[in-house]
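Some notes on the structure that comes next.
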Amino acid sequence: MFHYKEHPYLDRAFMILDGETPVGEYTVLDLEEDLQLSARKLNNIVCLMNGNPDVVQLGEETQSQTYFYKKPLVEEGARAEVIFYERRTDVSKPNALLNIEGGLLE
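The numbering of the sequence shown is the working numbering, which starts it at 29 and goes up by one.
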């Protein structure tokens, strides 16, 4: 069962764990974002990783749309990187970086 907790060494970051084993990190790049909101966004990701499609819609609260880009894996077994972007009006800006064991997002 996947879950997350605040990262013990990085500010504005969370560790993603499978049981007690760290499998990834979620780093908030938007310095203006409330970390409680960031945790709610990450909770949606973890719910999906656990096979639970019941996520909380946050678009009305944030007045934005979230987009993402998954970088291609450089080699088999490498960690996957996903960059999340927030779009308000016509401007998109990086919001968070997900770095996770490659096979977990397939």
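Ideal placement from N, C-alpha and C gives every residue a C-beta, glycine not left out.
None of these values were measured; they are calculated from a predicted model.
In this model, leucine 59 and glycine 52 are separated by some 21 Å (Cα to Cα). Per DSSP, reduced to three states, the secondary structure at threonine 90 is helical. Excluding the 5 residues flanking it on each side, leucine 45 has same chain C-beta neighbours closer than 8 Å at Phe30, His31, Tyr32, Lys33 and Val51, in chain order. Counting every other CB atom within 10 Å of its CB across the protein chains shown gives valine 74 a total of 16 or more, marking it as buried. When rounded, the separation of the alpha-carbon atoms in leucine 126 and alanine 106 is 13 Å.
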